[in-house]
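Numbering (the working numbering), first residue to last: 28 to 149. Virtual Cβ for every residue (Gly too), placed ideally from N, Cα, C. For clarity, every value in this text was computed on a predicted model and none was experimentally measured. A quick write-up on the structure given underneath.
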């Protein structure tokens, strides 16, 4: 099993798909990586040589922010918004949707399970 950026990527899958298991690398970035390293898109991870895996690992370290660093950067950005008291920061602090979605109905994922209103009878 190849280990890239601290993630064990699956060996039976194609390289294009397997690279997407790394947080911060999507379909477009994975395609760019295999193009720069000159690997054919239909190759599987278990068919890669150690030198090719090393090339991929070095390219990701050099050109992309992934995994722990990316998660840290995102959390710092959210914390900054909350400290500044921006509208988006306040929505994060209250655990509500931050991008304009309605909350009268829906938004249960963000708000959690519905809370019963005490004292209300039907």
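At 4 residues or longer, what runs of the alpha helix (DSSP H) sit wholly inside the region 52–125? Counting whole runs of 4 or more residues, the region 52–125 contains the alpha helix (DSSP H) stretches 54–63, 77–90, 94–111 and 114–120.
Just the C-alpha distance for residue 56 and residue 33, rounded to the nearest angstrom, thanks. Locating residue 56 in the chain shown gives position 29, where the first residue counts as 1. Locating residue 33 in the chain shown gives position 6, where the first residue counts as 1. The alpha-carbon atoms of residue 56 and residue 33 are separated by roughly 18 Å.
Would you list the residues sitting across from residue 29 in a DSSP beta bridge? In the chain shown, residue 29 corresponds to position 2, counting from 1. Paired residue(s): 36.
I'd like to check one pair, residue 29 with residue 72: are the Cβ atoms closer than 8 Å? As a first step, residue 72 must be located in the chain shown, where it is residue number 45. As a first step, residue 29 must be located in the chain shown, where it is residue number 2. Closer than 8 Å, so yes.
Beta-carbon separation (whole angstroms), residue 42 vs residue 75, contact threshold 8 Å: Walking along the chain shown from the start, residue 42 turns up at place 15. Walking along the chain shown from the start, residue 75 turns up at place 48. 7 Å between Cβ atoms; contact.
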